[in-house]
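Here is the structure we will look at.
In full-length UniProt numbering, the protein residues as written are 1 to 347.
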């Protein structure tokens, strides 16, 4: 029996009968109804008979899964007042996975559970015993310059995950950094992905010319944003000039030597007296036992798993890096988020 999506009486929250297929308002799925969840499907032999239709969904299996997810408070249950039918509704945990939500974390979940990143976690022991990066040990190549650059499907998963927290980061930082982008004639977002974050910034400051700068395979799938120009290139070679440089979650992907090279390139293209580099990245505080502090240390494990030299940095490590890169002045601003805002000035 197929039924339409219904709202819990008096709550406005969507509820699904057990037999109802997911709708566009449902949480993200990594595969379409007709796609395979495996990364590679064996080709049938020439003598193989035509494949038979897929068996119908198994309500008993779905019931067991939903029972578990309800117990973990991913979904809630409600009995229909007339039929007694069990309906499933969203909770705060599943609401952030809904496609239509501005703050949906669905793409992050799809990225974190993708077979490529998952494989790296199985190489932790070998990495400690033999040396090396777990991701490279698992796949023989780097995640960004290797897998994402050559695998369009994974590149889309990765870029969607990087773009989805853009509005959340801006919402968290806007109260304490409202005027940080004010008065800039131009702003270049280095490693800006498909331009989602820069698009939000330019929307708040329409007088600013936005330049979204990233690798060619990233820029080629970037959508248009009003006031934003997409430029392809390599930040280790040169960066488009602007009044200020913005980098969100870029520095943690690289070691100090690589970051210093990028920061020096940034310094060379901003005005000496009025220019600045605006960095949004994790700052580790050793005595921070808050929930956000816990997540920050987990992010460092992500960097350990995926990047050969990537890492999260303490406040002292950030200061040392900035000073070595030609930025004698800096300001670290804590915002109500995992990340902090770091301003670096050439004078």
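Don't be surprised by glycine CBs; every beta carbon is placed ideally from N, CA and C. As the structure is a prediction and not an experimental result, all values here were calculated from the model.
Taking DSSP's pairing of strands, which residues face residue i in a bridge?
i: residue 230; result: 212
i: residue 187; result: 210 and 244
i: residue 344; result: 277 and 330
Output the distance between the C-alpha atoms of residue i and residue j, rounded to the nearest integer angstrom.
i: residue 129; j: residue 88; result: 47 Å
i: residue 234; j: residue 276; result: 20 Å
i: residue 270; j: residue 188; result: 10 Å
i: residue 338; j: residue 80; result: 40 Å
i: residue 227; j: residue 183; result: 15 Å
i: residue 210; j: residue 97; result: 30 Å
i: residue 319; j: residue 62; result: 52 Å
i: residue 116; j: residue 109; result: 13 Å
i: residue 140; j: residue 112; result: 19 Å
i: residue 343; j: residue 95; result: 34 Å
i: residue 154; j: residue 328; result: 39 Å
i: residue 57; j: residue 70; result: 20 Å
i: residue 217; j: residue 121; result: 26 Å
i: residue 103; j: residue 204; result: 18 Å
i: residue 232; j: residue 206; result: 23 Å
i: residue 265; j: residue 239; result: 7 Å
i: residue 286; j: residue 314; result: 8 Å
i: residue 288; j: residue 282; result: 13 Å
i: residue 243; j: residue 65; result: 53 Å
i: residue 305; j: residue 149; result: 19 Å
i: residue 212; j: residue 326; result: 24 Å
i: residue 126; j: residue 152; result: 29 Å
i: residue 53; j: residue 136; result: 39 Å
i: residue 199; j: residue 317; result: 30 Å
i: residue 290; j: residue 297; result: 11 Å
i: residue 241; j: residue 295; result: 34 Å
i: residue 84; j: residue 301; result: 46 Å
i: residue 310; j: residue 322; result: 16 Å
i: residue 142; j: residue 312; result: 18 Å
Between which two residues does the alpha helix (DSSP H) carrying residue i extend?
i: residue 239; result: No alpha helix (DSSP H) contains residue 239, which DSSP labels as neither H nor E.
i: residue 134; result: 134–139
i: residue 364; result: The structure shown does not extend to residue 364, since the chain is modelled only from 1 to 347, so the question has no answer here.
i: residue 111; result: 106–112
i: residue 160; result: 152–163
i: residue 198; result: 196–204
i: residue 125; result: 124–130
i: residue 121; result: 115–121
With a CB to CB cut of under 6 Å and the five nearest residues on each side skipped, what residues in its chain are close to residue i?
i: residue 159; result: 193 and 194
i: residue 124; result: 134
i: residue 262; result: 235
i: residue 308; result: 133
i: residue 250; result: 191
Among the residues of its own chain, which have a CB less than 8 Å from the CB of residue i, if the five just before and after it don't count?
i: residue 107; result: 28, 157, 160, 161, 163 and 164
i: residue 177; result: 333, 335 and 341
i: residue 223; result: 194 and 195
Would residue i count as contacting chain C if we go by Cβ distances under 9 Å?
i: residue 67; result: Among the protein chains of the structure shown there is no chain C, as only one such chain exists.
Ranges of the beta strand (DSSP E) found wholly within the region 250–333, counting only runs of at least 3: With a minimum length of 3 residues, the continuous beta strand (DSSP E) runs that stay inside the region 250–333 are 276–281.
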